[in-house]
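Residue numbers (the numbering used here): 14 to 152.
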């Protein structure tokens, strides 16, 4: 959000980079291989998906907030703008939880296998697409 930093994953760890100075500011290990990665719009929360779980991190303190069980399906996920919600692809839809893992919603993909999910800007609604080539919107 500040235009100077970039948060990303190399598949094993998460790093914060200063893109102006071209240097790494912080790096931490998630404890597992990272298959999917997402950052909240405000930059204060990130989520990393392994085969079996999604770890949610507070990027202001670099502490793990929670570990949420993964759904069966592609390792695609997203974090809401404010970091309050995490959405992850499940085989038959999209599961949304709060950042601690408490279920918030499940959105069924009526046609095909779910492939991707994104939160709509600054809200709790998601858009998701399936293998049938159709994009759906929650709510």
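Where is the CB? At the ideal position from N, CA and C, for every residue including glycine.
In the displayed model, residue 44 falls within coil according to three-state DSSP, outside both helix and strand. By the CB criterion at 7 Å, residue 100 and residue 109 fall inside the cutoff. Taking C-alpha positions only, residue 36 is separated from residue 18 by approximately 10 Å. In the DSSP assignment, residue 65 falls outside any beta strand (DSSP E), carrying neither H nor E. In the structure shown, the three-state DSSP call for residue 25 is coil. Beta-bridge partners of residue 129 (DSSP): 142. As far as DSSP is concerned, residue 35 takes part in no beta bridge. Looking at 95, 28 and 149, the one whose alpha-carbon comes closest to that of residue 75 is 28. Judged by DSSP secondary structure, residue 121 falls within the beta strand (DSSP E) whose first and last residues are 116–121. In the three-state scheme derived from DSSP, where H, G and I count as helix and E and B as strand, residue 100 is classed as strand. With fewer than 16 other Cβ atoms inside 10 Å of its own Cβ, residue 25 counts as exposed. Here DSSP, grouped into helix, strand and coil, assigns residue 75 to coil.
In the structure shown, the three-state DSSP call for residue 91 is strand. Excluding its 5 nearest sequence neighbours in each direction, residue 94 has C-beta neighbours in its own chain below 7 Å: 53, 54, 55, 132, 134 and 135, listed in chain order.
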